[in-house]
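Notes for the one structure printed next.
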Amino acid sequence: MRDKIRKIIPIAGLLILIILFSLTTGGKFFTWQNLKNIVMQASIALVAAVGTVFVMAHNNLDFSLGGACALSSVLAYLISGGNLWLFIILAIVFGVLCGLFTAVIHIYGRVPAFMGGLCLMFAGRGVAQTATASRYMMIADSGKLNNFWVFLAVVAVVFGIGYFLFNYTKIGKYQKLIGTNPRATDLSGISVNKYKTIAFVISGITLGIASSLALSRSLAVTGNTGLNLETDVLLALSLGGISMAGGSATRIRSAIIGVLTYYILNNGMLLWGMNPDYVDIVKAVFFLATVSISIDRSEYDLIA
Amino acid sequence: MKTVLKVIKSYGLAVASPVVLMLLLLLVSPETRSFAAVWNVILQSLAPAVLGWGVLFNMKIGNWDFSIGARIVLTTILAGNFAMQITTALNLGVAGFVPVLIVLSVLIGIILGVIVGAAYYFLQIPTLIVSIGLMLIMESLTRILYNGAGIHISNDYMVLGKMPWNLILFAVIFVFASILYYKRKVGYSVRAVGSNPVVAKTNGINPKLLKAEALALSGIFAGLYSLMSLSATGVQSAVQGTMGSAAAVFDAMMCVLIGMSIAGQGNIMFGVFAGAIVTQLLKMGMMAIGLPTTFNKVVIGVFVVIFMVGSSRADLFQKLGAKLRRKKDEVNA
Amino acid sequence: MAETILKAEHMFKEFGATKAVTDVTFELHKGTVLGLVGENGSGKSTLSSMIAGVYPPTKGEMTYKGKAYKPGSVLEARKAGIQYLTQEQGTIDGMTVAENMFLGEEDSFGKGGMVNMRKLIARAREILRENGLLNVDPSQPIDNYSFEDRKMIETARSLSKQPDILIIDETTTALSKKGVERIYEIIAEQKAKGTAILIISHDLAEVQHLCDEVMILRDGVFIDLLHGDDINPDNMRQKMIGREFEGSYYRADFTCSYENEVVLSAKDLSVDGVFHDISFELHKGEILGFGGLSDCGMHEVLKTVFGAIKPTHGTVTLHEGNVKLHNTSTSVRHKIAYIPKDRDKESLFQPTSIKDNIVASSLDKIKKGIFISPRAERRMAEEKAAIMEVKMQNVAQMAKDLSGGNKQKVVIAKWLANDSRIFIMDCPTRGIDVGVKAKIYRLMEEFKQQGISVLMVSEEMMELIGMADRIITMKDGRRTGEFLRSESLSEADIISKII
Amino acid sequence: TTNNTPANNGNAGGADVKHKIGMIWYGNTDPMGGTFYAWANHAAELLNVELVWHLGDYTTEAELSACEQMISAGCEGVYFIPMDTAANLQLGNACKDAGVYWAVSNRDILDESIKEACYANPYMVTHIWDDSYNLAKNMVKVLADQGIKKVCMISGDPKDAMMVDRNNGFTDGCKEYGIEILGTFQTETDAKVTTDGVNNFLTLYPDMQGILSVSGTAGTAEAIISTLEGSGKEAGSIKVATFDTFDGNKEAFEKGWLAANAGGYTSECLVAFLALVNRVQGNIKTEGPFKLHLTPIVITNAEEMDLFSKYVDNPEVQLYSDADIKAMVQSTCDEAYYQSVLDNWTIEFIKSAANG
Ligand SMILES: Nc1ncnc2c1ncn2[C@@H]1O[C@H](COP(=O)(O)OP(=O)(O)OP(=O)(O)O)[C@@H](O)[C@H]1O
Ligand SMILES: Nc1ncnc2c1ncn2[C@@H]1O[C@H](COP(=O)(O)OP(=O)(O)OP(=O)(O)O)[C@@H](O)[C@H]1O
Ligand SMILES: [Mg+2]
Ligand SMILES: [Mg+2]
């Protein structure tokens with residue numbers, strides 16, 4: 160029973176927020192325009208979160224997101240020369256290469272993936288800052304993608320495919336097994352390295368898509384492209400009730416619930432006109448409270 | 042003879058890495074060919090090393106601590122302002138300010154560390170989440186307290202940032218950190234829990250409590266870092282923007298990662314110090330050869346990858362060496 | 021009867037809905053060895069854990085040395101003189117032997133909370149020497165030593181402060197002959213010193229040999245306390261499972277029988293420093309056993325055959341299709357099953373449903389395109405669990421909530437699901453009670469009839485003699501002999517080749 | 109000022125409906141950020157408008173999100189500093205789609221096509237930029253006039269339009285006045301970076317005579333001065349020219365370390381904001397935005413610095429009187445009028461405001 164309550168806390172939190180903001184913002188929250196805004200703002204993190212779930216399911220943390228987003232955007236821009244469609248394809252290609260980089264460092268370098276990711280985040284940011292310093296990387300064209308229906312379609316497709324892969328194919332199922340017991344997974348005849356790599360590749364694909372969405376919102380690639388994406392995604396996924404230890408309790412719905420909660424919280428507080436000095440404090444308290452109630456402590460030998 | 046060999050084996054890499062890098066730098070950049078330049082790098086590495094030691098405790102025990110950057114800023118602002126107020130109220134002058142600042146920095150550092158540790162202990166949620174949550178709150182506090190004015194002290198008060206006090210302070214902290222890690226129960230327990238919390242638990246160590254303790258302990262070092270950095274820069278402004286303090290955390294982690302890779306069997310505190318020197322050298326090198334400083338991040342990132350992979354795949358290098366030797370033998374035969 | 025040192029009365033322990041121990045009362049006496057036997061999941065470990073302070077009883081009272089006893093932690097129990105040797109690894113990687121030996125009490129060496137490393141090492145060396153561990157250097161990282169050495173170091177640590185009660189939970193199953201003998205010696209010494217000893221073991225012969233009294237548990241309930249001549253394997257076995265044992269335990273036939281067709285062969289297989297030049301052929305419908313001491317390399321031979329360890333040289337070939345086995349996924353794709361020795365660490369997904377455990381290796385069988393239907397998964401899992409008679413609520417139950425024997429059934433079900441044609445079994449009945457053991461033996465006989473081949477390793481000589489068509493013996497990583505199945509084959513024959 | 113009509117003339121200051129304005133602002137903890145935060149809040153109260161603040165974001169994506177939320181929140185005008193050139197276009201489009209007015213200040217629009225698109229956007233109310241390029245050059249001149257030949261430079265984020273102006277102003281200025289730039293590093297918000305960087309300058313380039321810095325915020329300028337003071341060099345032997353006023357600048361002038369300090373962009377923020385209010389309240393209707401520019405003040409001595417700190421860099425002080433503010437929200441206000449307010453932004457104005 161307590162288990163059940165705990166499991167519904169993330170979704171309950173989301174619903175409570177929605178009801179609360181609907182009632183307290185004089186109807187401003189529940190306008191079509193505002194809902195559209197929320198979906199568009201949440202899209203980038205949501206797309207990236209879908210891929211991240213695969214990595215977290217096999218018990219790794221991908222800290223490269225922000226830097227990898229900047230790096231792949233810069234490289235895609237430089238090679239595509241400002242052609243939008245080429246940019247999107249290349250962003251995905253470089254996203255995948257970033258994922259592969261982390262995977263290779265992790266698997267063949269035998270270094271925890273978050274450390275490899277951290278380095279990539281660091282170096283990627285540096286490359287982006289250095290490269291964007293020498294030229295202004297704008298693709299004005301991309302503004303035409305900054306449209307609700309485009310974003311909705313992208314999110315629906317990415318989440319839909321992610322949901323299917325995660326729950327109904329070997330790719331997702333094996334991630335969970337690896338997260339639970341990598342040794343036993345290997346001895347069950349499943350190539351752990353291969354499936355870990357696949358997870359990083361998926362994360363790279365979603366990252367590339369997220370980079371493209373980010374571009375369509377900001378038109379230009381800058382040194383700050385994708386800033387804090389990794390922490391945003393991590394925060395959002397925890398709000399969505401994801402297990403930090405991965406394994407069979409991992410649910411891909413954490414991505415959608417968490418990201419929406421995160422952005423609705425931001426949105427509602429601004430609609431309230433809350434004193435900006437206190438916005439982060441309220442956000443943090445809500446975050447700590449939700450996670451404290453919803454976390455399943457039995458999944459952890461020791462809460463890391 | 043045996044002990045000499047042992048020392049060389051233990052500290053070889055930790056000493057060699059910065060030295061080789063320094064020599065390389067001297068080769069490519071004529072500007073750095075002075076004792077002053079080398080000395081400057083070492084002085085600049087003192088504070089990051091101290092922060093690294095604090096971060097080390099957390100990394101060893103498997104804590105994620107995003108809050109340490111925000112804690113440092115908040116500690117500096119609170120300790121600096123309180124110390125100023127006390128000094129002015131009691132008319133203590135510079136001689137009075139310094140000890141007051143030392144005490145307050147360490148004290149507030151510990152208090153903030155204890156807050157994070159306690160939040161982890163009582164809420165029982167991952168340190169990653171606790172520390173991000175508290176980071177957001179503490180960052181906000183830096184903007185709210187003193188109307189976000191931060192702290193600025195004039196040069197007279199920056200005694201501890203100058204020779205020889207900076208070195209003395211550093212030496213004291215070095216000894217303190219080494220004792221804590223190698224000679225106190227807590228150091229043993231940190232290593233035990235970091236490696237195997239279940240067994241540590243059956244041996245009477247409470248891993249949860251110890252993880253909380255490590256967070257609190259890192260507060261001492263955060264406080265000392267605050268002290269050193271305020272004494273070196275004279276200023277600390279509020280954190281700008283949400284997660285504006287996270288970059289500092291990553292900087293420190295990079296430094297510790299290098300340190301852990303090159304420390305070998307030697308004193309890890311020294312390893313982290315060497316790691317700090319390496320990072321500072323890279324930064325200075327960038328400037329000296331005229332690369333944009335944003336490129337620092339790239340170079341440091343690449344370096345850390347190389348060091349980490351190098352240390353975890355030492356087996357590969359050995360194999361490679363063995364293969365080469367075999368080839369040579371074959372050729373000779 | 022010797023003086024009572026600990027009295028446990030009306031002990032209960034519940035884990036959620038599971039009643040692990042129900043109303044058990046017993047006593048430990050000075051200088052007496054009490055055996056604790058029962059089927060898997062009968063509550064033996066739970067009962068001893070409560071004495072050792074791992075967790076408190078749900079209900080019940082303990083009196084120790086005449087006073088009420090409620091240990092708050094393992095350390096507290098240890099300080100009170102109760103030492104507990106578990107089956108799991110009890111030492112920590114990355115720390116030295118000495119540090120491991122004094123974990124939690126480092127600061128008692130030195131003043132004012134400082135740790136005096138030199139004293140610590142000296143004391144550790146002393147204790148190691150007393151326990152005959154002359155090869156162990158206390159200043160070395162413990163990682164440099166084998167599982168067995170580490171277990172012995174742990175044992176030495178528990179004896180360094182003379183305990184009043186010593187609890188040994190299935191420790192001997194993990195050790196080689198030499199290690200086991202050392203434990204027996206220790207038990208004898210301790211007994212002479214007046215220590216009360218509680219031993220948990222599935223090796224009934226061992227229990228008969230060592231124990232003065234034997235307590236039998238079934239489903240967490242006290243069944244009987246045996247003394248003297250009542251302590252014999254047949255009697256214990258019967259009381260444990262609550263019924264007469266039907267038919268023969270091992271194979272009834274004594275003919276070495278298999279088809280001529282070779283299904284798998286290993287050629288000059290070596291792993292540097294572990295085993296060397298092992299070659300053999302496995303025939304269709306054959307049970308091929310490997311016998312030896314625990315550290316002779318036989319476990320690693322099986323792992324290498326399965327593809328989980330890369331050999332330094334040599335090859336393993338599956339004859340059908342002439343496939344070289346070099347990793348686990350190739351082996352599984354070609355219907356080879358591997359049941360590891362360490363169940364909890366290597367074969368089970370504990371916090372995962374029984375269903376997911378069973379289907380883990382055979383998703384390729386039920387997938388349509390890349391889609392895997394949850395219903396097909398469930399059907400497959402239920403079917404295989406039924407064949408293995410897994411005692412469970414339903415297949416959605418977590419594997420971690422099962423007892424040892426039922427966990428093993430789940431592992432076997434996983435490989436049945438993949439229609440495995442070759443079973444590689446590493447100590448398949450280790451730590452398993454007689455009921456499940458018999459079930460596994462019958463299954464192996466069925467395999468033979470279906471032309472499925474089995475490659476097994478066992479540390480129990482009787483099991484090898486009872487089940488295998490051929491036995492290959494190993495010593496120090498090398499093949500030392502081969503025996504064909506025959507009625508006259510004795511334990512002594514085999515032991516002569518492995519020591 | 110010329111227009112001293114009372115408040116009841118037009119809607120100014122006494123609007124019946126409380127209009128809502130969105131304020132996307134970088135932060136309120138440095139002198140300029142804090143001062144404008146206070147000024148805007150004061151003016152809002154005076155003019156009966158409600159402000160919705162969003163603080164602390166630097167990316168176009170985040171500014172756009174904030175802008176969209178403000179539109180949802182019912183704001184009729186949005187004021188922001190475009191941290192990246194593309195922000196003009198993106199936030200401008202969002203405003204246009206929603207029929208919301210918008211105003212920007214402090215940044216030039218570097219990209220011509222974006223500039224054109226923005227100027228064609230009927231909802232753009234102001235575009236105010238400060239002439240950082242020439243300002244930077246002037247600051248170099250101050251150093252050149254003191255006979256300085258070799259400097260090091262602390263540069264700024266090269267894709268921030270304002271920073272680009274400052275970087276270029278410094279480098280071109282140095283060329284023009286025959287000054288050699290020995291070494292460079294880029295500013296970060298961490299004062300330790302500045303201290304380390306300046307120390308590196310001191311050791312790598314012992315012949316350095318001056319330091320140019322594009323930014324003094326977030327402790328950068330304080331750290332430069334402290335580091336120089338602690339270097340053991342004779343006071344004033346190295347001259348600093350830096351943007352952004354900071355704590356302790358008066359003493360720095362007195363001791364001779366500081367040669368030039370540029371500050372006071374607050375007035376352009378205020379003008380942009382008030383013009384937006386004016387438009388939202390429906391007092392003025394114009395074709396296309398007001399295109400205005402400001403020449404920030406370069407302070408070169410301690411007295412002026414003192415004055416500046418007391419009256420400009422002080423959130424407690426309202427440099428523009430209530431009458432001044434109301435005067436800027438009138439139907440009669442036009443481009444020329446606002447430009448005159450900006451042109452009036454001199455140290456003399458501050459002196460007179462302080463006295464009056
Ligand atoms: N060593 C091999 N011998 C024979 N066939 C192989 C071998 N490796 C791969 N294949 C074949 O190549 C194809 C792809 O195999 P692969 O194992 O990569 O995919 P998969 O079945 O989706 O993944 P997994 O086996 O890891 O679950 C399959 O048809 C497989 O039979
Ligand atoms: N921590 C736990 N949480 C939930 N159930 C448990 C736990 N520990 C033991 N159990 C359950 O309690 C029962 C008794 O388990 P216990 O480990 O004491 O059996 P055992 O006699 O030692 O078996 P084995 O011979 O397999 O080791 C089993 O049903 C087991 O599943
Ligand atoms: Mg047991
Ligand atoms: Mg396959």
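Chains as they are written, first to last, in the working numbering: chain A, 160 to 463; chain B, 42 to 374; chain C, 21 to 519; chain D, 109 to 464. Think of the CB as a built atom: it goes at the ideal place given N, C-alpha and C, for glycine as much as any other residue.
Cutoff 8 Å: residue i Cβ touching any chain B Cβ
| i | result |
| --- | --- |
| threonine 111/C | yes |
| serine 334/D | yes |
| valine 44/C | no |
Straight-line gap, residue i to residue j (C-alpha atoms, nearest Å)
| i | j | result |
| --- | --- | --- |
| phenylalanine 217/A | serine 375/D | First, the residue type needs correcting, since residue 217/A is histidine and not phenylalanine in the sequence shown. Between histidine 217/A and serine 375/D, the C-alpha separation is close to 55 Å. |
| tryptophan 453/D | alanine 148/D | 18 Å |
| tyrosine 322/A | phenylalanine 381/D | 47 Å |
| asparagine 119/D | tyrosine 373/D | Note on asparagine 119/D: pLDDT 44, under 50, position unreliable in the model; no value is reported. |
| threonine 78/C | isoleucine 349/A | 41 Å |
| serine 286/B | valine 425/D | 31 Å |
| threonine 117/B | methionine 269/B | 10 Å |
| arginine 549/C | lysine 344/C | The shown model of chain C, from 21 to 519, leaves out residue 549/C, and the question about it has no answer. |
Residue from the options whose Cα sits closest to the Cα of residue i
| i | options | result |
| --- | --- | --- |
| glycine 406/A | Ser202/A, Met199/A, Met215/A and Ile177/A | Met215/A |
| glycine 293/C | Ser166/C, Ser349/C, Ser351/C and Ala100/C | Ser166/C |
| alanine 272/C | Tyr461/C, Glu119/C and Met172/C | Tyr461/C |
| aspartate 232/C | His247/C, Lys323/C and Asp239/C | His247/C |
| arginine 498/C | Ala28/C, Ser290/C, Thr52/C and Pro331/C | Ser290/C |
| isoleucine 433/D | Ala410/D, Asn422/D and Tyr446/D | Tyr446/D |
| phenylalanine 293/D | Asp192/D, Phe309/D and Asn242/D | Phe309/D |
Outcome for residue i when other beta-carbon atoms lying within 10 angstroms are tallied against a minimum of 16
| i | result |
| --- | --- |
| glycine 382/A | buried |
| glutamate 483/C | buried |
| isoleucine 209/B | exposed |
| methionine 318/C | buried |
| glutamine 182/C | exposed |
| glycine 255/D | exposed |
| glutamate 170/D | Inspection of the sequence shows that residue 170/D is occupied by alanine rather than by glutamate. The residue in question, alanine 170/D, is buried, as its Cβ has 16 or more Cβ neighbours within 10 Å. |
| threonine 110/D | With a pLDDT of only 36 at threonine 110/D, under the threshold of 50, the placement of this residue in the model should not be trusted; the figure read from the coordinates follows. Exposed: under 16 other Cβ atoms inside 10 Å. |
| serine 69/C | buried |
| alanine 408/A | buried |
Contact with chain G by residue i, beta-carbon distance below 8 Å
| i | result |
| --- | --- |
| asparagine 246/D | Included in the structure are the protein chains A, B, C and D, with no chain G among them. |
Contact with chain C by residue i, beta-carbon distance below 8 Å
| i | result |
| --- | --- |
| threonine 449/A | no |
> Are there three or more Cβ pairs, one per stretch, closer than 8 Å when the segment 412 to 419 of chain A is compared with the segment 308 to 328 of chain B?
Replying inline: no
> Touching or not, the segment 141 to 152 of chain C and the segment 176 to 190 of chain C, by the rule of three or more beta carbon pairs under 8 Å?
Replying inline: yes
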